[in-house]
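Using this note's numbering, read the sequence shown as starting at 46 and increasing by one per residue.
Here is the structure we will look at, set down as structure tokens.
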Amino acid sequence: MDNARDIAVNCRQYAMCKIDFLGSGVCASGLERHYVTFYPQGRMLLYAALADGKIPVTEKCVQAADSCNLCGKCDYQCYFVTEMRPTKVMRALKTLVGKHVAAGNPILKEKETFLLREMQEIVGPNWATGDRGVAVTYSTDPCPMAKPQMPDYVVMPKTREEIACLITLFNGNGIPG
């Protein structure tokens, strides 16, 4: 598989790029930002979605592309398990987003909503988002019975108290759990 899109859509979603099982290290931007979007697994999903026109280029798409330093750690671990080379996709993502930005094309900003503001008040501004570039990386499930569905928001609570506050917020706004 030499085509970046082919590699991206064939990602098995094993998430081996999030575990340092070979002692080679893990993607630094993923460890820092924690959203799937900033790990190779998420960048594979992100690139495929952008290449297929499923989402527009967003602020988080630009951040995800820029945060990859093309170190190749993902190749080492992914090739060991799947014989795929994610760095080709990471490079293609950087190129695609870079050309979009260089051409002066629009970059979609995250839509601010009441619910998003409330979630961010609970977990902090970096841990709740409605950016499509993040949401698309949470829209798949490897289970063959699951139908892909893009969430409106992605929120990453750290404590039981944050979870309890979020459940109260969701219940109060008619969002099923």
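Just so it is clear, CB atoms sit at the ideal spot from N, CA and C, and this is done for glycine as well.
When you compare only the Cα positions, how much space is there between Leu90 and Gly149?
Here the question's residue 90 lines up with position 45 in the sequence shown. Here the question's residue 149 lines up with position 104 in the sequence shown. So the two alpha carbons sit approximately 24 Å from each other.
Please list the segments of the beta strand (DSSP E) lying wholly inside the stretch 86 to 141, counting only runs of 3 or more residues, in order along the chain.
Qualifying beta strand (DSSP E) stretches: none in this window.
Specify, as a first and last residue, the run of the alpha helix (DSSP H) that Gln165 falls within.
The count along the sequence shown starts at 1 and reaches residue 165 at position 120. Looking at the DSSP string, the run of the alpha helix (DSSP H) that includes Gln165 is Phe159 to Val168.
Compare the C-alpha of Cys62 against each of Val54, Ala73, Asn48 and Gln86 and name the closest.
Here residue 62 refers to the residue found at position 17 when the sequence shown is read from its first residue. Here the closest residue by C-alpha is Gln86.
At a cut of 8 Å, does the stretch 130 to 144 reach the stretch 169 to 177 through at least three beta carbon pairs?
The answer is no - the stretch 169 to 177 does not touch the stretch 130 to 144, with fewer than three Cβ pairs under 8 Å.
Do the CB positions of Ile152 and Glu207 come within less than 7 Å of each other?
Within the sequence shown, numbered from 1, the residue matching residue 152 stands at position 107. Within the sequence shown, numbered from 1, the residue matching residue 207 stands at position 162. Not a contact, by the Cβ cut-off of 7 Å.
Going along the chain, which residues of its own chain have a beta-carbon closer than 6 Å to the beta-carbon of Cys113, five neighbours each way excluded?
In the sequence shown, counting from the first residue as 1, residue 113 sits at position 68. Result list for Cys113: Met135, in chain order.
Bridge partners of Ala173, per DSSP?
Against the sequence shown, residue 173 aligns to sequence position 128. Answer is Val200, bridged to Ala173.
Kindly indicate which three-state DSSP category Leu67 falls into: helix, strand or coil?
Taking the first residue of the sequence shown as 1, we reach residue 67 at position 22. In the structure shown, Leu67 sits in coil (DSSP, three-state: anything other than H, G, I, E or B).
If you draw a straight line from the alpha carbon of Val73 to that of Ile52, how long is it in whole angstroms?
The residue you call residue 73 lines up with position 28 of the sequence shown. The residue you call residue 52 lines up with position 7 of the sequence shown. According to the sequence provided, residue 73 is Ala. The question's Val does not apply to it. Whole-angstrom Cα-Cα distance: 22 Å.
Excluding the 5 residues flanking Ala60 on each side, which residues of the same chain have their C-beta closer than 7 Å to its C-beta?
By 1-based counting over the sequence shown, the position of residue 60 is 15. Within the same chain, Ala60 has close Cβ partners Gln86.
Hey, would you say Val199 sits closer than 7 Å to Tyr183, going by beta carbons?
For the purposes of this step, residue 199 is taken as the residue at position 154 of the sequence shown. For the purposes of this step, residue 183 is taken as the residue at position 138 of the sequence shown. Yes.
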